[in-house]
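Quick notes on the structure that follows.
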Amino acid sequence: MMNIYIFLNNHNIAYESFDHPAVFTCEQAEKFCPKMPGKSIKNIFLYDKKTNQHFLIIVSTEKQIDLKKLKTILGASKLSFASEEDLQLYLGVTPGSVTILGLINDTTHTVTVIFDEILKDQTLQCHPLINTKTVTIPFDEIKKFLKITQHAYQFFDIPKR
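With the first letter of the sequence shown counted as 1, position 90 gets the number 89 in numbering that gives the first Met the number 0; the numbers rise by one all the way through.
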């Protein structure tokens with residue numbers, strides 16, 4: 000597995016790093032993480048059983064996603080949370096560490112990346128493949144990362160519950 004810091008530095012992707020205790024939920028992150036610049040986000044790794052397609056959905060932590068409405072927007076048939084095996088296979092992470100930065104491990108470009116439109120042009124708080132650190136990355140640098148990893152992305156108004 001590639002070291003994310005070496006990758007970011009080798010590609011001149013600007014970031015700021017913060018240490019904190021391990022966090023597995025948005026609530027724990029809010030409680031235990033230091034004050035950081037940027038937008039706190041959650042990353043949801045989904046799978047469409049009928050089309051065998053994987054989606055990484057990125058929204059602000061305040062949003063509770065309506066999976067039924069999201070399924071319609073994505074044109075998915077049977078949307079569910081991806082398995083731990085798929086998390087490891089495609090993103091190289093375990094539950095609680097899902098992150099857009101895991102796309103460095105998706106060398107087959109299997110994962111479709113979807114951002115909530117509210118995140119456009121925001122600095123994002125991301126796990127650097129582990130949940131004991133957070134890096135903040137301006138969206139222009141996120142776009143650079145996605146271009147280098149050859150991942151297309153889309154913005155949608157992600158429906159909330």
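Positions of the beta carbon are idealized from the N, C-alpha and C atoms, including for glycine. This one's a predicted model, so the numbers in the text were calculated from it and none came from an experiment.
* Would you be able to state if there are at least three C-beta pairs under 8 Å between the segment 10-19 and the segment 128-147? => With the cut-off at 8 Å, the segment 128-147 and the segment 10-19 touch.
* Excluding the 5 residues preceding and the 5 following residue 132 in the sequence, name in chain order all residues of the same chain whose CB lies nearer than 8 Å to its CB. => The residues are 16, 17, 18, 19 and 126.
* Name the residue from 76, 66, 102 and 22 whose alpha carbon lies nearest to the alpha carbon of residue 144. => That would be 102, whose Cα lies nearest to the Cα of residue 144.
* Nearest candidate by alpha-carbon position, reference residue 8, set 136, 149 and 42 -> Of 136, 149 and 42, the residue nearest in Cα terms is 136.
* **Where residue 4 sits in the DSSP three-state scheme** => Three-state DSSP puts residue 4 in a helix.
* Asked: If residue 55 sits next to residue 110, beta carbons under 8 Å apart, how far is it from one beta carbon to the other, in whole angstroms?
  -> Confirmed, Cβ separation roughly 5 Å.
* Asked: Smallest Cα separation from residue 53: which of 44, 59 and 61?
  -> When each option's Cα is compared against that of residue 53, the closest is 44.
* Same chain only: Cβ atoms within 8 Å of residue 158, ignoring 5 sequence neighbours per side -> Excluding sequence neighbours, residue 158 sits near 64, 65, 68, 69 and 72.
* For residue 61, name the three-state secondary structure that DSSP assigns. => Annotated three-state conformation of residue 61 is coil, per DSSP.
* Beta-carbon gap between residue 129 and residue 82 smaller than 7 Å -> Not a contact, by the Cβ cut-off of 7 Å.
* To do: Could you check what DSSP says for residue 42 in three-state terms: helix, strand or coil?
  => Of the three classes helix, strand and coil, the one that applies to residue 42 here is strand, per DSSP.
* By a C-beta neighbour count over all protein chains shown, 10 Å radius and 16 as the cutoff for buried, is residue 114 buried or exposed? -> Buried, since its Cβ has 16 or more Cβ neighbours within 10 Å.
* **Alpha-carbon spacing of residue 61 relative to residue 90, whole angstroms** => Whole-angstrom Cα-Cα distance: 24 Å.
* **Buried/exposed call for residue 5, threshold 16 Cβ in 10 Å** => Flag for residue 5 reads exposed.
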